[in-house]
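J.: Numbering (this note's numbering), first residue to last: 9 to 214.
Glycine included, C-beta positions come from ideal geometry on N, C-alpha and C.
I'd like to ask you about the structure that follows.
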DNA sequence: TGCCAGGCCCTCTTTAGGGCCTT
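Given below as structure tokens:
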């Protein structure tokens, strides 16, 4: 069976590090229940400072848009409710996890699920891909996509489709259908050369 | 963008260095 509920999320941010004062400026997320996308969340977030020109160009989010957006704290309260007790997925999760942790800490909240990384999993099962950027993997796996790269909901949707495609491929290639989230998380941290061996062992045990 | 970050991973490694990813 699939994990009960998984939220695939993506943050657009003012920079690379919350430890250096950067904030989230947009969050997008897709909720997957039993392998089906059932809900979405998207909101701009006003960090109450001006973002630089590179971020405006990179994301298409400008200071005027942010000045009209609700504060980060208000958005994160709603997003925390959206998360519930779901497990979490992001592409290069270590990046989004730092911002999620920082923004939730700012409102005195935290999440309870496990956090998995679609990039680490892709590095295991698509070892022949040209690289493991989100856009490259979407093309590599022939995933249909809508919207613009580097907007939160569009990237979250693409990551969600990639995640489901990878679960399908694990099933098809290794006869390991319906692998639990916990096992997929473990797989994403398995040394590359041991992936087939770990999957074969899992198949024998299930 | 540039080089203010950081976790993962490979290798000419492990008392380290550098590329990949994310904005």
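Using 7 Å as the threshold, is the C-beta distance between residue 120 and residue 83 below it?
T.: no
J.: Looking at the strands, I want to know which residues DSSP matches up with residue 125.
T.: Residue 125 is bridged by DSSP to 98.
J.: Please list the segments of the beta strand (DSSP E) lying wholly inside the stretch 36 to 87, counting only runs of 3 or more residues, in order along the chain.
T.: 44 to 52
J.: Residues in the same chain with beta-carbon distance under 7 Å from residue 213, minus the five sequence neighbours each way, listed in chain order, please.
T.: none
J.: Measure from the alpha carbon of residue 61 to the alpha carbon of each residue in 209, 48, 21 and 37, then state which is nearest.
T.: That would be 21, whose Cα lies nearest to the Cα of residue 61.
J.: So, using beta-carbon positions, are residue 117 and residue 18 closer together than 7 Å?
T.: no
J.: Could you name the residues of the same chain whose beta carbon sits closer than 7 Å to that of residue 156, not counting the 5 residues immediately before and after it, in chain order?
T.: 68 and 162
J.: For residue 153 and residue 132, what's the separation of their Cα atoms in angstroms?
T.: 23 Å
J.: Considering only C-alpha positions, which residue in the set 181, 184 and 151 is nearest to residue 170?
T.: 151
J.: Enumerate in chain order the residues of its own chain whose CB-to-CB distance from residue 46 is below 8 Å, with the five nearest sequence positions on each side excluded.
T.: Residues 39 and 40 of the same chain have their beta carbon placed closer than 8 Å to that of residue 46, with the five preceding and five following residues left out of the count.
J.: Name the DSSP beta bridge partners of residue 21, please?
T.: Beta-bridge pairing links residue 21 to 32.
J.: With DSSP as the reference, please indicate the residues paired to residue 13 in a beta bridge.
T.: Beta-bridge pairing links residue 13 to 41.
J.: Which first and last residues belong to the alpha helix (DSSP H) in which residue 147 is found?
T.: 142 to 148
J.: How big is the Cα-Cα spacing for residue 71 and residue 79?
T.: 13 Å
J.: On the DSSP letters alone, give me the boundaries of the alpha helix (DSSP H) that residue 117 sits inside.
T.: Residue 117 -> no alpha helix (DSSP H), and no H or E assigned at all.
J.: Spatial neighbours of residue 114 within its chain, please: CB distance less than 8 Å, with the 5 preceding and 5 following residues excluded, ordered by chain position.
T.: 80, 81 and 84
J.: Could you check how far apart the C-beta atoms of residue 36 and residue 159 are, in whole angstroms? I think they sit under 8 Å.
T.: Rounded to whole angstroms, the Cβ separation of residue 36 and residue 159 is 7 Å, and the two are in contact under 8 Å.
J.: Could you tell me the boundaries of the alpha helix (DSSP H) in which residue 163 lies?
T.: It spans 160 to 182 - the alpha helix (DSSP H) in which residue 163 sits, taken as one unbroken run.
J.: According to the neighbour-count rule (16 or more other Cβ atoms, all chains shown, within 10 Å of its Cβ), is residue 126 buried or exposed?
T.: buried
J.: Given this structure, state the Cα-to-Cα distance separating residue 111 from residue 59, to the nearest angstrom.
T.: Roughly 17 Å separates the two Cα atoms.
J.: Assuming residue 98 and residue 167 are in contact, meaning their beta carbons sit under 8 Å apart, how far apart are those beta carbons, in whole angstroms?
T.: Approximately 7 Å separates the beta-carbon atoms of residue 98 and residue 167; this is inside 8 Å, confirming the contact.
J.: Can you tell me which of the three DSSP states residue 89 falls into?
T.: helix
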